[in-house]
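Peer 1: Those sequence lines, one after another, are chains A and B. Each number in this note's numbering comes from the position in the first sequence (counting from 1) with 55 added on. Each number in this note's numbering comes from the position in the second sequence (counting from 1) with 871 added on. Glycine is no exception: its CB is placed at the ideal position from the N, C-alpha and C atoms. Predicted model, so just to flag it, every value in this text is computed and none were measured.
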Amino acid sequence: MSEKPVLYHWEPNANSGKPMLALEEKGVAYDSVYIDMLEFDQHRPDYLEINPMGTIPAMVHDGHLLNESTAIMEYVDARFDGPKLRPDDAAKRWKMRWWMKYCDQYYAPSASMVAWDMFTGPAVRNKDPDELRARIEAIPLRERRIAWTKAIYGQFSEEELAESRRRVMIASALFEDNLRENDWVAGDQFSLADINAFNLVYILPHMADTMRLPSVSVERTPRTMKWLQRMYQRPSIRRTWAHSRGGMHIDIEAEANREFV
Amino acid sequence: MRTLHINGMTPPALAIAIALNEKGLAFSITQIDWRETPAAFARFSDSPEIAATLEGEFPILVDGMTAVSDSYFVLEYLDDAYPTPRLRPSDAYGQWQLQALARFFGERALPAISTLGVAQVFGGGAAVKALFENATALTSERRDAWLAAAEPTSENAIEESRRKLGLLFDRLDAMLVGGQPWLLGQDYSLSDIAAFALVHPFLDGSLDAEGLAIGEALRLWHERVLARPAVQAALTLAKPAFLPGPEHARWG
């Protein structure tokens, strides 16, 4: 046995949701520290002392700081006893990693650019302008500084946003196609790739109208909707979403028992 | 039967060739002229993952019935499928270090090297347009990456790429200044292989290193990796090449 990991996270979705769900699936108890991203808690000095990159999520375990949500998930599976969350077969493991990268570097950044432009930016924009400027200056990573500046001041260009929407449509179609032969993303076994994708895909059916992005729906992507249902039936989702402070505004019970005609 | 399909010895191809040699795995090389890329790549389109590549069309490793691409994941595939000699730390934290570093290599360094390589070496010129404009085997992003290589590279893109490579060299040097022989400590690993493929072009003169500070610890480490027989053998397989690679992260 080792010490309990401490996980610094925001709402249990997107990148924060990945290690949370992996820990729950693995059956590992952890100390949860909620970092309010909309209050820029991740750039405050006390958090930067723990994670100088100022990113969330981050995990402290055995005296080590770990960041990069997908790599943390692999750490969780490798480090702790519990159900295997990665296939043993090398080719399937390659497939699992390929899909996680596709989500991390293509599907999720595109969806989140649209979401940041429509929700995250406006959610923080009404703060005091001087305070906002100071908060942006406190962001240690240049990439994150640019991203926050664009979101807060609504600086994503029409072209960038249109390209992101196009990419979400392409990625959701490819994801649907991949479920043609198997129940799970990397094959016949539930894996970290399902956890990774869930944290991005679950919101898309609910935002089809508000984001004007009809990517995931019963009509367009029926297999993805059934995969989402299989995910909602896992007890780990309920336990992970209990950490939400903003309210996830999704009825897990209804999603888990959705009837498909 | 194991075949590595390459468009010349690009940094990703070099990393895979080194790993195969380190593992003692026999393989043959299929060289594909970059002009033949669309047709050659179309032959792999039955794998949806390979068809939707983010890194670039080649290298692709065909290992028996399995085809894999995306160089860092190919390195991990090889270590998963052929565990000896082991090229990853045995502990979870060491494995996390490898993967966190690989993310940085793939997302920041590789796009930057591709940008500089295309600007300084590739020289596809106007011919690229005719060959790639209607290359339906490629995703639209990959077609765009090739078509952009037909145009002169902007000063902004070059400056941004140099900045990213500066981050890479600083990070690697910082890992080595304590005197450890390899990036992760006492054991040679996939991190050394992946990093060597990125650093080597600037030290063998393939790419212009002007304005980039390469620290002493990093230079000594490069010599140590270069001296390995597996690396020497990989370097003789094909000429260095630089082609349109992964796009720079769109968020900045």
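(1) In chain A, which residues lie less than 9 Å from ASP1058(B) when you measure between Cβ atoms?
(2) Given that a residue counts as buried once 16 or more other Cβ atoms are within 10 Å of its Cβ, and exposed if not, what is ASP934(B)?
(3) Using DSSP with H/G/I as helix, E/B as strand and the rest coil, what is GLN244(A)?
(4) Considering just the uninterrupted stretch of the beta strand (DSSP E) at ILE931(B), what are its terminal residues?
(5) Residue range of the beta strand (DSSP E) that VAL939(B) falls in?
(6) What span of residues does the alpha helix (DSSP H) with VAL1102(B) cover, start to end?
(7) Which residues share a DSSP beta bridge with TRP154(A)?
(8) Along the chain, where does the alpha helix (DSSP H) that runs through LEU885(B) open and close?
(9) For ASP117(A), which residues in chain B fall below 8 Å Cβ to Cβ?
(10) Could you work out which residue in VAL999(B), SER985(B), TRP967(B), TYR948(B) is closest to ASP143(A) when comparing CA atoms only?
(11) With 7 Å as the limit, tell me which residues of the stretch 922-950 of chain B have their beta carbon closer than that to any beta carbon of chain A; keep them in chain order.
(12) Give me the residue from PRO883(B), ARG1033(B), TRP967(B) with the minimum Cα distance to PRO930(B).
(13) So with Cβ pairs under 8 Å, would you call ILE201(A) a contact of chain B?
(14) Could you name the residues of chain A that ARG974(B) contacts, counting a contact when the two beta carbons are closer than 7 Å?
(15) In this structure, what does DSSP give as the bridge partners for SER124(A)?
(16) Contact check, LEU1061(B) vs LEU932(B) under 8 Å by CB: the rounded distance?
(17) If we count the other Cβ atoms within 10 Å of its Cβ and call it buried at 16 or more, is GLY927(B) buried or exposed?
(18) If you follow the alpha helix (DSSP H) that ALA1045(B) is part of, which residue opens it and which one closes it?
(19) Which runs of the alpha helix (DSSP H) fall wholly inside the stretch 67-116 of chain A and span at least 4 residues, in chain order?
(20) Out of curiosity, what's the CA-to-CA distance linking ALA145(A) and ALA1112(B)?
(21) What residues match up with THR901(B) in a beta bridge as DSSP calls it?
(22) Whether or not the stretch 154-165 of chain A and the stretch 214-233 of chain A are in contact is what I'm after, with contact meaning three or more pairs of Cβ atoms, one per stretch, closer than 8 Å; do they touch?
(23) Would LEU1009(B) be called buried (16 or more neighbouring beta carbons within 10 Å of its own) or exposed?
(24) Going along the stretch 225-258 of chain A in order, which residues come within less than 7 Å of chain B, judged by CB to CB distance?
(25) Let's test the definition: count the other Cβ atoms within 10 Å of the Cβ of MET936(B) and tell me whether it reaches 16, buried, or not, exposed.
(26) Output needed in chain order: residues of the stretch 122-156 of chain A with a Cβ under 8 Å from some Cβ in chain B.
(27) Is VAL273(A) buried or exposed, if buried means 16 or more other CB atoms sit within 10 Å of its CB?
(28) Flag TYR85(A) as yes if its beta-carbon sits less than 8 Å from any beta-carbon of chain B, otherwise no.
(29) Give a yes or no on whether the C-beta atoms belonging to ALA77(A) and MET128(A) are separated by under 8 Å.
(30) Under 7 Å Cβ-Cβ, which residues of chain B neighbour GLN284(A)?
Peer 2: The structure says:
(1) In chain order: nothing, as chain A lies at least about 17 Å away.
(2) buried
(3) coil
(4) 931-934
(5) 937-940
(6) 1100-1106
(7) Bridge partners of TRP154(A): none, in fact.
(8) From DSSP, the alpha helix (DSSP H) with LEU885(B) extends over 882-894.
(9) TYR964
(10) TYR948(B)
(11) ALA923, LEU925, THR937, VAL939, ASP941, PHE944, GLU947, TYR948
(12) PRO883(B)
(13) yes
(14) GLU123, ALA126
(15) SER124(A) pairs with nothing; no bridge assigned.
(16) Contact flag wrong, Cβ pair sits at about 14 Å.
(17) buried
(18) 1026-1047
(19) Runs of the alpha helix (DSSP H) inside the stretch 67-116 of chain A: 69-81, 100-105.
(20) One alpha carbon belongs to ALA145(A), the other to ALA1112(B), and they sit about 29 Å apart.
(21) Per DSSP, HIS876(B).
(22) Touching, yes.
(23) buried
(24) Of all residues in the stretch 225-258 of chain A, those with a C-beta nearer than 7 Å to a C-beta of chain B are LEU229, ASP232, ASN233, reading in chain order.
(25) Classification of MET936(B): exposed, given that the 10 Å Cβ count is below 16.
(26) ASN122, GLU123, THR125, ALA126, ILE127, GLU129, TYR130, ALA133, ARG134, ALA145, ALA146, ARG148, TRP149, LYS150, ARG152, TRP153, TRP154, LYS156
(27) exposed
(28) no
(29) In this structure, MET128(A) lies closer than 8 Å to ALA77(A) by Cβ.
(30) What GLN284(A) touches in chain B: nothing, since even the nearest Cβ is about 23 Å away.
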